[in-house]
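The sequence shown begins at 0 in numbering that gives the first Met the number 0 and counts up by one. First comes the structure, then the notes that go with it.
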Amino acid sequence: MKTLKHYSVIILLLLLVGCNASPQPIDYGNDGCHFCKMTIVDKVHAAEVVTKKGKVYKFDATECMVNFMKAFDTSEIKLYLSNDYMQPEALIDATKATFLISENIPSPMGAFLSAFKNKADAEKMQKDKTGALYDWQELLRHLNNK
0 MKTLKHYSVI
10 ILLLLLVGCN
20 ASPQPIDYGN
30 DGCHFCKMTI
40 VDKVHAAEVV
50 TKKGKVYKFD
60 ATECMVNFMK
70 AFDTSEIKLY
80 LSNDYMQPEA
90 LIDATKATFL
100 ISENIPSPMG
110 AFLSAFKNKA
120 DAEKMQKDKT
130 GALYDWQELL
140 RHLNNK
């Protein structure tokens, strides 16, 4: 009976840990983009999706993440993450980010798309580099209408 309790506790703990839907660090230079299959090397433009079941999909650019979503059941997605242009390697909530499309800031897939955690940072960069600002919903409409 004692052994059964121990196994039950262990199984319960494994289930709780196994269903943890959280981001994973991107291994730059080794991880591949789930959409275009390129190796992820750019530390300011990478992105990541985490499903409700905890599966992580990594991308070399936010535009790859958006293109991936066209063929994926988005109701299964818990987190949309993009790298913060101002803090290389830092993943931020893409749904709350401000995006800048500026031809003066190249991105891996040629969309010239960068994410910013703070709108003020995006506006400052826009003044310096020009371009157009988008929130998440505006960005999706813009990229899906191309």
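Glycine included, each C-beta is placed from N, C-alpha and C at the ideal position.
Name the DSSP bridge partner or partners of residue i?
i, result
"Ala93", "DSSP, once it has assigned bridges, lists no residue as partnering Ala93."
"Ala114", "Asp83, Phe98"
"His50", "For clarity, residue 50 is Thr in the given sequence; the question names His instead. Thr50 is bridged to Ile76."
"Lys57", "Glu47"
"Gly28", "BP columns for Gly28 are empty, so no partner."
"Thr38", "Gly31"
"Ala70", "In DSSP, Ala70 forms no bridge with anything."
"Leu132", "Leu99"
Assuming contact is defined by CB atoms lying nearer than 8 Å, are residue i and residue j in contact in what I supplied?
i, j, result
"Val40", "Pro87", "no"
"Phe98", "Leu112", "yes"
"Phe58", "Phe67", "yes"
"Ala93", "Ala60", "no"
"Lys77", "Lys51", "yes"
"Ile100", "Tyr133", "yes"
"Ile104", "Lys123", "no"
"Ala89", "Gly53", "no"
"Glu62", "Leu142", "yes"
Is residue i helix, strand or coil when you go by DSSP?
i, result
"Val16", "Per-residue confidence for Val16 stands at a pLDDT of 49, beneath the threshold of 50, marking its modelled position as unreliable; the derived number appears in the next sentence. Val16 falls in the helix class under three-state DSSP."
"Ala121", "helix"
Return the Cβ separation of residue i and residue j in integer angstroms, given the expectation that the two are a contact with Cβ distance under 8 Å.
i, j, result
"Val49", "Met64", "So it is not a contact: roughly 11 Å between Cβ atoms."
"Met157", "Lys36", "Since the first residue shown for the chain is 0 and the last is 145, residue 157 is missing from the structure and cannot be characterised."
"Ala110", "Ala96", "That belief does not hold up - the Cβ atoms of Ala110 and Ala96 are roughly 15 Å apart, past 8 Å."
Quick check: is the beta carbon of residue i nearer than 8 Å to any beta carbon in chain B?
i, result
"Gly31", "In the structure shown, chain B does not exist; there is a single protein chain."
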